[in-house]
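Asks:
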Amino acid sequence: MSYNVTKLGNTSNNMLNIRNTISNLGIARTCSHHLGGKLGVTIFRHAELKHLIFTSDKVNYSFTEKGKNIFSKFCKVNQTTVPCCLDFSERNFHFGGRIGNDLLNYLLEDDLCKLTKSRKVELCKKPASIVQSVFT
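The sequence shown runs 1 to 136 under UniProt numbering.
#1: In the segment 57-128, which residue ranges form an unbroken beta strand (DSSP E) of at least 3 residues, counting only runs that do not cross its ends?
#2: For Leu123, which option in Pro83, Thr64, Thr30 and Leu52 has the closest C-alpha, if you only look at C-alpha atoms?
#3: Need the endpoints of the alpha helix (DSSP H) that Thr42 sits in, please.
#4: Let's see if you can read the secondary structure: which residues bound the beta strand (DSSP E) around Ile53?
#5: Bridge partners of His34, per DSSP?
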């Protein structure tokens with residue numbers, strides 16, 4: 001999935017790229033007890049590409065039946081609405097709320113990543129391998 005980025009968007013992204021805080025947090029970080037950063041956004045986008053979640057307005061997302069089945073392996077999916085959190089550095093959504101929390105806990109319990117003393121999440125496997133483990 002690709003997005004058209006405006007000139008202002010490119011300027012903003014360039015400014016974000018030089019901020020040390022963002023760089024120091026790495027590819028994955030905690031965000032209100034769920035997974036943020038590039039990895040969190042990648043998992044969210046992968047779910048959309050695999051038709052596990054869908055949107056009609058690019059803001060409000062819902063689970064498909066297939067998505068409910070996949071996500072039920074690590075969390076109880078009682079709702080159709082997907083809790084989204086706008087990632088501050090990636091400028092795209094990652095999973096928020098209880099589902100985001102359960103997703104992070106699943107990755108921690110399966111030793112795919114581990115928490116550090118800061119918000120940075122250290123990856124124990126390659127990002128592509130982690131993404132695949134969520135959806136298989």
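In this text, a Cβ means the ideal position worked out from N, Cα and C, and glycines have one as well.
Replies: Taking the structure as given:
#1: 61-63, 84-86, 93-95, 113-115 and 121-123
#2: One-based indexing of the sequence shown puts residue 123 at position 123. If we check each option's Cα against that of Leu123, Thr30 comes out closest.
#3: Walking along the sequence shown from the start, residue 42 turns up at place 42. Unbroken alpha helix (DSSP H) run through Thr42: Gly37 to Leu49.
#4: Position 53 of the sequence shown, counted from the start, is the residue given in the question as residue 53. Ile53 -> beta strand (DSSP E) spans Ile53 to Thr55.
#5: Numbered from 1 along the sequence shown, position 34 holds the residue referred to as residue 34. Answer is Cys31.
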